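Those sequence lines, one after another, are chains A and B.
Using UniProt numbering, the letters of the first sequence map in sequence onto residues 1 to 282.
Using UniProt numbering, the letters of the second sequence map in sequence onto residues 1 to 282.
We put the beta carbon where it would ideally sit given N, CA and C, even for glycine.
Remember, it's a predicted structure, so these values are computed and weren't measured experimentally.
For reference, the structure is listed below as structure tokens.
There are 2 protein chains.
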Amino acid sequence: MTAHGEGVRDDGPRDADETAAQPRPAEGITVPEPQDRARSIPEAAVARLAVYLRVLSGLAEQEVHTVSSEELASAAGVNSAKLRKDLSYIGSYGTRGVGYEVAVLIGQIERTLGLTQQHRVAVIGIGNLGHALANYGGFPNRGFPVAALFDLDPDLMGVPVGGIPVDHVDDIPRVCAERDITIGAIATPAKGAQDVCDRLVQAGVRCVLNFAPVVLQVPEEVEVRKVDLAVEMQILSFHVARRSQEPQESGDPGDGVDGTPQSKTRDVNAGADPVDGMVVRS
Amino acid sequence: MTAHGEGVRDDGPRDADETAAQPRPAEGITVPEPQDRARSIPEAAVARLAVYLRVLSGLAEQEVHTVSSEELASAAGVNSAKLRKDLSYIGSYGTRGVGYEVAVLIGQIERTLGLTQQHRVAVIGIGNLGHALANYGGFPNRGFPVAALFDLDPDLMGVPVGGIPVDHVDDIPRVCAERDITIGAIATPAKGAQDVCDRLVQAGVRCVLNFAPVVLQVPEEVEVRKVDLAVEMQILSFHVARRSQEPQESGDPGDGVDGTPQSKTRDVNAGADPVDGMVVRS
DNA sequence: ACCTGTGAAGGACTTCACAGCG
DNA sequence: CGCTGTGAAGTCCTTCACAGGT
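See below:
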């Protein structure tokens with residue numbers, strides 16, 4: 001999403017449609033619209049599929065071959081009904097009374113998310129974050145290899161970061177075409193972000209991950225997802241403020257549920273994993 | 001979001017409720033539930049308020065004193081009806097026929113988001129991302145100062161990063177208490193994340209920003225927001241795949257809208273800004 | 001005239017709950 | 001008997017459209 005999330009999300013709470021004038025369906029009875037040619041998977045479900053995929057990869061590595069909706073759901077942090085519905089959007093690959101075969105699900109989710117095609121990423125803005133991204137090298141499973149780096153700083157030109165030499169932003173069109181870049185990650189300060197984005201679009205890049213605190217204007221065929229740390233922190237801030245404002249909830253009678261467990265199901269995610277974060281040093 | 005573009009999309013897809021058993025209202029007519037004591041602002045609206053705040057700060061700097069819902073909305077990438085509804089959740093601070101006073105709105109949004117209280121942030125995991133976060137110093141307006149850094153690596157102990165010396169993760173409880181930390185940003189590899197999170201919770205931190213590719217298990221009084229780059233990229237991937245699968249939409253008759261403008265309203269966001277991204281070098 | 005604030009309609013996503021298959 | 005897959009109900013969010021100030 002992000003979303004959404006940017007959920008988004010988130011993000012999230014996360015969608016960018018604003019530019020296009022919408023069709024406005026004809027009057028009268030609300031017709032189903034013959035527009036759903038392919039399976040239309042809810043945006044929110046797509047984001048979760050990516051999460052399930054990560055969890056499933058962890059399971060595969062632990063040689064787990066079968067998993068129930070309940071298990072998978074709790075490891076992914078959702079409830080099982082939601083998980084089953086999400087999976088139902090991509091087809092019926094479970095076995096009633098048993099569960100899902102891990103390998104099969106992985107394959108189907110990868111296919112749905114378009115991970116059979118490899119996406120090559122360009123990072124623009126080689127500051128602290130740019131470095132982090134450039135070194136992010138191996139993503140969970142099928143990688144999103146970083147294949148180009150750009151900056152304005154003359155001192156950086158040609159300097160290799162994470163094994164890739166930095167090019168000048170003016171070369172974005174040429175280099176992106178040569179290296180078949182499909183995703184651009186904008187990690188510049190706010191000021192230069194729209195300009196960089198325009199160049200990426202010009203170069204034919206149709207997916208942008210924006211870390212700059214700016215709302216990018218793009219033609220509608222381009223998909224932008226935004227990651228904004230300040231926004232995330234402000235949302236956290238809101239929730240704390242809200243909680244301290246709303247002191248003690250008078251004990252709800254008739255439901256003595258509490259003694260919240262601190263950590264359950266802490267195995268699946270924490271297992272032996274090559275699923276390294278984006279951090280390099282421990 | 002995830003959401004794509006803005007909300008993430010995100011995200012959107014970002015919430016962590018699973019543990020608690022819900023009350024199940026009594027049978028019969030669905031009662032409104034007397035549960036909405038304080039103004040309950042939709043989660044989705046909160047995320048956008050943070051975005052409006054950033055745009056408004058930019059306007060304030062440009063000495064703009066008044067703004068209409070239409071202007072503010074387009075700068076924030078949402079439609080004006082949504083913006084007005086969002087603002088209505090925090091009260092009526094506009095003037096009909098005129099618009100909103102920038103300074104007033106900023107104040108009200110800050111109050112709503114709890115930004116009157118300052119939040120001190122601890123970063124755990126001083127790798128590439130950790131460095132980026134530590135140097136992120138000044139957030140848009142009211143800062144979220146980074147006040148503590150932690151890692152496992154003995155070589156890093158005491159080394160200052162962004163002006164703050166690194167402490168050992170074993171000291172999280174003590175240091176967090178001493179420095180009154182309210183937000184923890186987990187930038188460790190997946191393996192150590194849950195452990196670090198448990199220590200933060202133990203230290204009384206109730207807000208966590210999680211960058212590790214793991215679903216953290218926390219007691220319900222703790223709020224977790226997750227930022228997962230791999231997930232964001234996979235969502236982008238899904239949208240590209242989908243578009244190339246669904247070739248040409250046969251020209252929709254009766255609606256010749258197109259010629260999408262590449263960039264409109266590119267001023268507000270790009271203005272002279274101290275709103276530096278998290279990148280240090282240009 | 002213009003723009004805000006908001007009820008009401010509409011749409012999207014979530015949860016329930018159970019039929020149906022292994 | 002357990003677990004998946006899914007209509008139906010419910011909840012949350014968005015968009016419409018207009019009443020009501022200025």
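| said: I need the straight-line Cα distance from A/Val-98 to A/Ser-57, nearest angstrom please. | reply: What you label residue 98 of chain A is simply residue 98 of the first sequence in a count that begins at 1. What you label residue 57 of chain A is simply residue 57 of the first sequence in a count that begins at 1. A/Val-98 and A/Ser-57: Cα-Cα distance of roughly 19 Å.
| Is the distance from the Cβ of A/Val-214 to the Cβ of A/Gln-234 below 8 Å? | If you number the first sequence from 1, residue 214 of chain A lands on position 214. If you number the first sequence from 1, residue 234 of chain A lands on position 234. In this structure, A/Gln-234 does not lie closer than 8 Å to A/Val-214 by Cβ.
| request: Using only alpha-carbon positions, find the residue among A/Cys-176, A/Glu-61 and A/Ala-50 that is nearest to A/Ala-73. | output: One-based indexing of the first sequence puts residue 73 of chain A at position 73. Looking at the Cα atoms, A/Ala-50 is the closest of the given residues.
| chain B partners of A/Gln-62, CB-CB under 7 Å? | Position 62 of the first sequence, counting from 1, holds the residue named residue 62 of chain A. Result: empty, since nearest Cβ-Cβ is about 14 Å, beyond 7 Å.
| task | With a 10 Å radius around its C-beta and 16 neighbouring C-beta atoms as the bar for buried, classify B/Glu-220 as buried or exposed. | result | Start at 1 with the first residue of the second sequence, and residue 220 of chain B comes out as number 220. Classification for B/Glu-220: exposed.
| Rounded C-beta distance between B/Ala-45 and B/Tyr-89? I'm assuming under 8 Å. | Along the second sequence, read from residue 1 onward, the residue named residue 45 of chain B stands at position 45. Along the second sequence, read from residue 1 onward, the residue named residue 89 of chain B stands at position 89. The pair is a contact, with the Cβ atoms about 6 Å apart (cut-off 8 Å).
| query | Of the choices A/Gln-108, A/Ala-212 and A/Val-146, whose alpha-carbon is the least far from that of A/Glu-182? | reply | On the first sequence, position 182 is the one that residue 182 of chain A refers to. At residue 182 of chain A the sequence reads Thr, which differs from the Glu that was named. A/Thr-182 has its Cα closest to that of A/Val-146, out of A/Gln-108, A/Ala-212 and A/Val-146.
| message | What does the alpha-carbon distance come out to for the pair A/Ala-122 and A/Leu-149? | response | Locating residue 122 of chain A in the first sequence gives position 122, where the first residue counts as 1. Locating residue 149 of chain A in the first sequence gives position 149, where the first residue counts as 1. Between A/Ala-122 and A/Leu-149, the C-alpha separation is close to 6 Å.
| task | State the beta-bridge partners of B/Arg-225 as determined by DSSP. | result | Mapped onto the second sequence, residue 225 of chain B falls at position 225. Answer is B/Leu-209, bridged to B/Arg-225.
| Per-residue burial, B/Lys-226 [other beta carbons within 10 Å of its own, 16 or more giving buried] | Within the second sequence, the letter at position 226 stands for residue 226 of chain B. Under a 10 Å Cβ-count criterion, B/Lys-226 is classified as buried, with 16 or more other Cβ atoms of the shown protein chains found around its own Cβ.
| The beta strand (DSSP E) enclosing B/Gly-184, as first and last residue numbers | Taking the second sequence and counting its residues from 1, one reaches residue 184 of chain B at position 184. B/Gly-184 -> beta strand (DSSP E) spans 183-186.
| message | Whether or not the segment 95-113 of chain A and the segment 237-246 of chain B are in contact is what I'm after, with contact meaning three or more pairs of Cβ atoms, one per stretch, closer than 8 Å; do they touch? | response | In short, these stretches touch, since the Cβ pair count reaches three.
| query | Exposed or buried, what is A/Arg-14 when buried is set at 16 or more other beta-carbons lying within 10 Å of its beta-carbon? | reply | In the first sequence, counting from the first residue as 1, residue 14 of chain A sits at position 14. Unreliable positioning characterises A/Arg-14 in this predicted model, as indicated by a pLDDT of 37, which lies under 50. A coordinate reading is not provided.
| request: Could you tell me which chain A residues have their CB closer than 9 Å to the CB of B/Leu-229, listed as they occur along the chain? | output: As a position in the second sequence, residue 229 of chain B is number 229, starting the count at 1. What B/Leu-229 touches in chain A: Leu-133, Tyr-136, Phe-139, Phe-144, Ala-185, Leu-209, Val-227 and Met-278.
| message | Between the alpha carbons of B/Asp-255 and B/Asn-79, how many angstroms are there, rounded? | response | In the second sequence, residue 255 of chain B corresponds to position 255, counting from 1. In the second sequence, residue 79 of chain B corresponds to position 79, counting from 1. Because B/Asp-255 sits at a pLDDT of 37, beneath the cut-off of 50, its placement in the model cannot be relied upon, and the following sentence gives the value as read from the coordinates. Taking the straight line joining both Cα atoms gives about 21 Å.
| query | According to DSSP, is A/Asp-151 helix, strand or coil? | reply | Counted from its first residue, the first sequence places residue 151 of chain A at position 151. Strand.
| message | Contact defined as beta carbons within less than 8 Å: I believe A/Leu-59 pairs with A/Val-104. What is the distance between those atoms, to the nearest angstrom? | response | Along the first sequence, read from residue 1 onward, the residue named residue 59 of chain A stands at position 59. Along the first sequence, read from residue 1 onward, the residue named residue 104 of chain A stands at position 104. Wrong, their Cβ atoms sit about 12 Å apart, outside the cutoff.
| task | Measure the Cβ-Cβ separation of B/Ala-212 and B/Ile-172 and say whether it is below 8 Å. | result | In the second sequence, the residue the question calls residue 212 of chain B occupies position 212. In the second sequence, the residue the question calls residue 172 of chain B occupies position 172. No, the Cβ-Cβ distance between B/Ala-212 and B/Ile-172 is not below 8 Å.
| message | Considering just the uninterrupted stretch of the beta strand (DSSP E) at B/His-168, what are its terminal residues? | response | Taking the first residue of the second sequence as 1, we reach residue 168 of chain B at position 168. Residues 164-168.
| request: Specify the secondary structure class of A/Ala-112 as computed by DSSP and reduced to three states. | output: Position 112 of the first sequence holds residue 112 of chain A. The sequence given here places Thr at residue 112 of chain A; Ala does not occur at that position. Looking at A/Thr-112 - three-state DSSP - the assignment turns out to be helix.
| request: Determine whether the Cβ of A/Ile-29 lies closer than 8 Å to any Cβ atom of chain B. | output: Looking up residue 29 of chain A in the first sequence gives position 29. Legend: pLDDT at A/Ile-29 = 34, less than 50; position of this residue unreliable, value from coordinates given subsequently. So no, A/Ile-29 is outside the interface.
| said: Judging by CA-CA distance, which residue of B/Phe-144, B/Leu-209 and B/Pro-160 is the nearest neighbour of B/Asp-151? | reply: Here the question's residue 151 of chain B lines up with position 151 in the second sequence. It is B/Pro-160.
| query | Can you name, in chain order, every residue of its own chain whose Cβ lies under 8 Å from the Cβ of A/Leu-129, other than the five neighbours on each side? | reply | Counting from one through the first sequence, the residue named residue 129 of chain A turns up at place 129. Ala-187 and Phe-211.
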